[in-house]
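See structure below.
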Amino acid sequence: MKLYVKAISSYQGNLEDVDIKKELKQTYKRDTRRQDKFMHLALWGALRLKERCEINSDDEIYITSGVGNMEIMQKCNEYVNVQKDILRPFDFINMLGNTTSYHIAKTIGTKGKNIFEVSNSFSFINSLISAYASISISKKEAVLGCVDLATQPQSLIKRVLGLDKEVTVLSGVNYQKLSLTMDEAIASIEFDTKTYTFDELQGIVENSNVKVIYAPKDNYFETMASYYVNRAIEAKEELIYVDSFEDNYKILRVEILD
Amino acid sequence: MHEILEVIKSGDIKCISKEVNTLDGKRSVPYFLLQERVADTKEAITNAIKEVAFELVKNLTTEQKLNTVLLLGTAILDKNVINSVEDTTNEYDNNPEQFCKTSLDSYAQDTAKELGLNPFTMTIATACTSSINATLEARNLVNSGVCQRAVVVGAEFSLGMMSDGFVSMNLLSMSSQKPFDKSRDGLILGEAIAGVLLGAEESQWSLLGGYSNCNSQTITAVSDSGDEFFEVMSKAMELSSVNAGDITTLKAHATSSLSNDLAEMNAISKIFDKNLDFTAIKPYVGHTLGACGILEMAMMMACVDEGFVPKTLNSQESISEEFIPLQEHKKCNEGVFMLNYFGFGGNNTSAIIQKELT
């Protein structure tokens with residue numbers, strides 16, 4: 430399966446010091462009320478993508494995340510289970526996964542298909558597969574967004590992500606505008622449903638003359654694959670990215686187009 | 003399903019109650035709860051999903067299973083995350099599961115692994131349209147050749163924060179769901195788990211198509227005109243190559259809330275003539291949120307397989323003089339059926355299924 434990339438927007442928390450809420454208000458003149466940090470991160474990434482490409486009103490939106498909006502879960506747990514208070518309507522609505530994708534659609538002006546989806550492993554690759562399957566039938570274009578917010582305390586998010594205590598969890602928001610056609614594309618991404626063993630993977634990697642990056646395990650967010658794809662596209666470097674879960678591996682191939 | 007069919011035929015609805023948190027303290031509200039409690043642990047939820055998925059794939063060969071993906075549709079608040087939040091709050095640092103990756107999709111992944119399915123799993127969380135959207139996604143995966151078959155499971159279990167949320171929005175009825183009725187006063191929540199197996203092989207039942215979009219006026223409501231519903235229903239028919247006159251019966255979303263029913267009725271009146279047969283399933287099982295997509299589709303299919311379309315329970319005085327929901331069970335063995343689902347977060351979906359006897 431192959432999708433062409435028309436534009437990207439990329440952010441990794443430890444590389445840029447940005448007050449995202451302030452950016453949304455001052456640079457993009459957005460009303461940030463009744464939204465939380467997870468949504469702000471998602472919206473900021475989407476607006477940065479919109480600056481770099483044309484978004485059609487019927488573009489299909491796919492939003493994925495490692496754990497979703499955990500901050501709102503913590504907040505609501507505090508209300509209901511600790512303070513024994515009642516849930517506030519907007520907090521309840523913000524707990525639903527597709528609330529974030531609704532705000533994204535409103536922000537970038539789409540009215541078509543809009544899916545919030547999660548895979549326990551290989552989130553980015555599975556969302557690419559999902560988008561590919563859909564637009565190969567609908568013949569539309571897709572916007573894929575990966576949103577991960579590093580919440581406090583880190584011990585909680587590490588527990589949910591299954592990470593060691595030494596790992597630093599980062600925030601990240603990375604988007605691609607995807608198409609089935611090469612027109613105006615800056616890169617392509619190849620992927621499939623196949624999962625490889627380590628030995629099979631070694632055979633692929635050893636026979637490749639393209640740069641290979643394995644999913645890092647120190648500074649981490651769940652959808653890092655999306656970030657590394659974008660970084661390779663920005664640097665105009667071809668890439669094989671190896672994602673892993675338990676003892677299974679999947680690969681993505683990024684090809685740069687002139 | 004046999005028990006549900008008996009309930010539909012007899013009209014002997016078994017709705018019990020559940021305590022929810024309100025501004026005035028705890029209050030008992032009607033609730034369609036499963037007979038066996040499954041919401042309390044991750045293991046119990048996973049087992050319930052496994053049981054339904056197993057029934058759907060038990061006759062497949064090992065190779066066929068490896069070409070079968072599993073999609074889950076649910077609005078369920080992630081029990082795994084809730085557990086972790088509660089544990090951290092209570093400083094249960096010695097929880098042995100603390101370094102095990104979990105997410106809303108863990109249920110699907112664990113199920114696929116145990117049943118020998120393809121490792122590709124995905125969980126769609128688009129509120130009340132979750133499992134119908136998962137079904138349309140599964141259809142795309144099959145039709146585009148990514149996989150040969152897809153199991154889709156819709157699941158929703160009673161969690162405190164979910165029911166408290168509906169209370170906070172004043173959306174719950176304290177008596178019964180009365181779809182499209184002038185005296186409607188809200189919905190009753192329900193638990194459910196249901197599944198469907200999609201594939202390219204010939205079958206009496208087929209999913210002709212559907213359309214899903216996100217164009218609601220606000221995050222919780224569409225305009226009273228129903229224009230957003232009209233758009234999604236029209237597009238679903240276009241993509242399924244059917245006309246309004248081809249629709250044998252419409253299964254409405256019909257939450258029995260004041261605004262949603264009004265908007266849906268207005269959309270119906272713009273597309274169909276007054277001879278349309280339409281009904282609602284929620285008075286029989288409650289609003290099962292993310293599970294309602296597959297549950298209500300499965301119930302419609304089961305009823306038609308039994309030779310009828312169910313009447314619209316509790317609907318006595320329609321909000322429309324021209325469009326009256328089915329007042330009696332209607333004999334029906336085949337046909338084209340429109341299924342509507344509209345949800346929070348702006349997601350609206352309409353799907354078209356067909357049963358052909360020959």
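So the sequence lines, in the order shown, correspond to chains P and R. Letter by letter, the first sequence follows residues 430 to 687 in this note's numbering. Letter by letter, the second sequence follows residues 3 to 360 in this note's numbering. Backbone N, C-alpha and C define an ideal beta-carbon position, used for all residues, glycine too.
| Check | Outcome |
| --- | --- |
| Helix or strand or just coil, what does DSSP make of H532 of chain P? | helix |
| Assuming N549 of chain P contacts T123 of chain R under a Cβ cut-off of 8 angstroms, what Cβ separation, rounded to an integer in Å, is found between them? | 7 angstroms |
| Take T251 of chain R as the anchor and find which of R:P312, R:G13, R:I51 has the nearest alpha-carbon. | R:P312 |
| Does the region 161-175 of chain R come into contact with the region 270-277 of chain R, if we say contact requires no fewer than three beta-carbon pairs (one atom in each stretch) closer than 8 angstroms? | no |
| Hey, does F521 of chain P have any beta-carbon neighbour from chain R nearer than 9 angstroms? | yes |
| Return the chain-ordered ranges of every alpha helix (DSSP H) run that is complete within the region 217-264 of chain R and spans a minimum of 4 residues. | 229-241 |
| For the beta strand (DSSP E) that contains I449 of chain P, what are its first and last residues? | From DSSP, I449 of chain P is part of no beta strand (DSSP E) but of the alpha helix (DSSP H) over 449-455. |
| What residue range does the beta strand (DSSP E) around F344 of chain R cover? | 337-344 |
| On the CB-based measure, 16 or more other CB atoms within 10 Å of its CB, does Q503 of chain P come out buried or exposed? | buried |
| What three-state label does DSSP hand P98 of chain R in the structure shown? | Confidence in P98 of chain R is poor, its pLDDT being 49 and thus under 50, which makes the residue's placement too unreliable to answer from. |
| Could you tell me which chain R residues have their CB closer than 7 angstroms to the CB of C505 of chain P, listed as they occur along the chain? | M163 |
| Please identify the residue among R:Y286, R:S243, R:L264, R:N349 whose C-alpha is closest to the C-alpha of E320 of chain R. | Residue identity check: residue 320 of chain R is Ser in the sequence provided, not Glu. When each option's Cα is compared against that of S320 of chain R, the closest is R:L264. |
| Given that T123 of chain R touches chain P, what residues does it touch there, using C-beta distances under 9 angstroms? | S548, N549, S550, N555 |
| Cα-Cα, which of R:N142, R:P32, R:L291 is closest to H255 of chain R? | R:L291 |
| Could you tell me which of P:I680, P:N523, P:Y457 sits nearest to G632 of chain P, measuring between CA atoms? | P:I680 |
| Does chain R have any CB closer than 9 angstroms to the CB of K640 of chain P? | no |
| Can you tell which of R:P285, R:M3, R:A140, R:G201 has the C-alpha that lies nearest to the C-alpha of R366 of chain R? | Chain R is shown from 3 up to 360; residue 366 of chain R falls before or after that span and cannot be answered. |
| Quick one, which of P:I669, P:Y440, P:S552 has its alpha-carbon nearest V634 of chain P's? | P:I669 |
| Report back the beta-carbon spacing between V639 of chain P and V658 of chain P to the nearest angstrom; my notes put them in contact at under 8 angstroms. | Not confirmed; about 13 angstroms, so no contact. |
| Anything in the region 206-221 of chain R with a Cβ closer than 7 angstroms to a Cβ of chain P? List those residues in chain order, please. | S214, N215, C216, N217, I221 |
| Going along chain R in order, which residues have a C-beta closer than 7 angstroms to the C-beta of M653 of chain P? | The contacting residues do not exist; M653 of chain P stays about 14 angstroms from chain R at best. |
| In whole angstroms, give me the CA-to-CA distance for G201 of chain R and Y433 of chain P. | 28 angstroms |
| Could you give the first and the last residue of the continuous alpha helix (DSSP H) run that contains S556 of chain P? | 552-567 |
| Excluding the 5 residues preceding and the 5 following V572 of chain P in the sequence, name in chain order all residues of the same chain whose CB lies nearer than 6 angstroms to its CB. | D488, I490, K606 |
| Kindly say whether H532 of chain P, judged by its beta-carbon, lies nearer than 9 angstroms to any beta-carbon of chain R. | yes |
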